[in-house]
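Heads up: the sequence shown is residues -19 to 270, going by my numbering. Glycine included, C-beta positions come from ideal geometry on N, C-alpha and C. Note that the structure is predicted; figures quoted are calculated from it, not measured. Below: the structure, in structure tokens.
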Amino acid sequence: MRKFYSLIILLVVGLTSVSAQTDSLRMEQEGGKNFVIHKVLSGQTLYSLSKRYLTSVDAIKKENPTLASGLQVGQTLKIPYGGNVSAAPASATVTNEITHTVAAGETLFAISRKYNVAVANIKAWNSLSSNSLALNQKLKIRQEKAVSPQEVSQPQTTTEQPEEVTPTTTAPSEQPTETPKTDEVLVIEEAPQNNYPGSEFKQYEVEGVAEVIEEDEPSSKFFALHRTAKIGTVIKVRNLMNDLTVYVRVVGTIPETTDNENVIIKLNKRAYDNLKAIDKRFRVELSYFN
-19 MRKFYSLIIL LVVGLTSVSA QTDSLRMEQE GGKNFVIHKV LSGQTLYSLS
31 KRYLTSVDAI KKENPTLASG LQVGQTLKIP YGGNVSAAPA SATVTNEITH
81 TVAAGETLFA ISRKYNVAVA NIKAWNSLSS NSLALNQKLK IRQEKAVSPQ
131 EVSQPQTTTE QPEEVTPTTT APSEQPTETP KTDEVLVIEE APQNNYPGSE
181 FKQYEVEGVA EVIEEDEPSS KFFALHRTAK IGTVIKVRNL MNDLTVYVRV
231 VGTIPETTDN ENVIIKLNKR AYDNLKAIDK RFRVELSYFN
């Protein structure tokens, strides 16, 4: 097994670097259509973006009236996506928006855990430039749920937080996930809990950039390279653009190179394909114990 890990690490060190495309911020669904929220980088054009997202220049202009004054670096665009991003064609998602009133002592992190959403999303929905909150401040919270095509209707919206709302945060082992086929997941066995003499595990939840490992012969397993997690650690990886999730096992350390400076995890091809990412580099949320 150690020989296998060594081969994997040597393979990654020798890989040719891929360009960082972290300009695809997230995926949104509106009226049954998929849209990519894209931040314009230097050198990009409407034509190149239309080819990348399988749409047309006219369709991009139609969704973004601000383009009448020209394309600007740093501009955020709502781009119709012509590809297939659905993990389960027999289902769709609807968004439920509620208003949360900030209580005394509440933080953005506590609110994000309560509704099982990312802090970055709460800040984006409410145009917050910092983590500071005021007592009785109103925050918009969006939550998505999967429904069958027969159930899809107009997005449901409520204006006030229901009195009976209870925290949706669950322990990492109880997080709701789609049950994959048994031959596509890592089987994780719980270690015995009797008289464990070591130190307690610490839970980590971080967001950052993931990158796919280009493999000559793709593996049938789900594995990854990480900067600090111990070899053997199982990490839950969530694609922030479409909420798809996979579990991977750490088999090595990310090489300390300039190309890897902003990468927090490298995923093998099978894990990358199951997350249905659009770019070679994309934003993810990692959850694990170490």
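Check	Outcome
Hey, out of Lys103, Val214 and Ile121, whose CA is closest to Thr79's CA?	Ile121
Between which residues of its own chain and Gly212 is the CB-CB distance below 7 Å, once the five residues before and five after are set aside?	Arg229 and Val230
Is the beta carbon of Phe89 closer than 9 Å to that of Gln183?	no
Can you check the segment 178 to 234 for any beta strand (DSSP E) of at least 3 residues that lies completely inside it and give the ranges in chain order?	183 to 192, 203 to 206, 214 to 219 and 225 to 233
Looking at the unbroken alpha helix (DSSP H) that takes in Ser28, where does it start and where does it end?	Leu26 to Arg32
Which one of Ala104, Lys216 and Lys41 has the shortest CA to CA distance from Leu247?	Lys216
Strictly by DSSP, which residues pair up with Ile245?	Ala190 and His206
Starting from Tyr61 and walking both ways along the beta strand (DSSP E), at which residues does that stretch end?	Where Tyr61 is concerned, there is no enclosing beta strand (DSSP E), given that its DSSP letter is neither H nor E.
Kindly indicate which three-state DSSP category Ser267 falls into: helix, strand or coil?	strand
Alpha carbon to alpha carbon, how far is Arg250 from Phe202?	6 Å
Apply the 10 Å Cβ neighbour rule to Val192 and answer buried if 16 or more other Cβ atoms are within range, or exposed otherwise.	buried
How far does the beta strand (DSSP E) with Asn14 in it extend, from its first residue to its last?	Lys13 to Lys19
Give the DSSP-derived three-state secondary structure of Ile40 in the structure shown.	helix
Return helix, strand or coil for Arg261, following the three-state DSSP convention.	strand
Would you kindly report the start and end of the unbroken alpha helix (DSSP H) that includes Ser92?	Leu88 to Tyr95
Provide the residue(s) that pair with Glu250 in DSSP beta bridges, ordered along the chain.	Going by the sequence as given, residue 250 is Arg instead of Glu. Partner(s): none; Arg250 has no beta bridge.
What would DSSP say about Ser112, mapped onto helix, strand or coil?	coil
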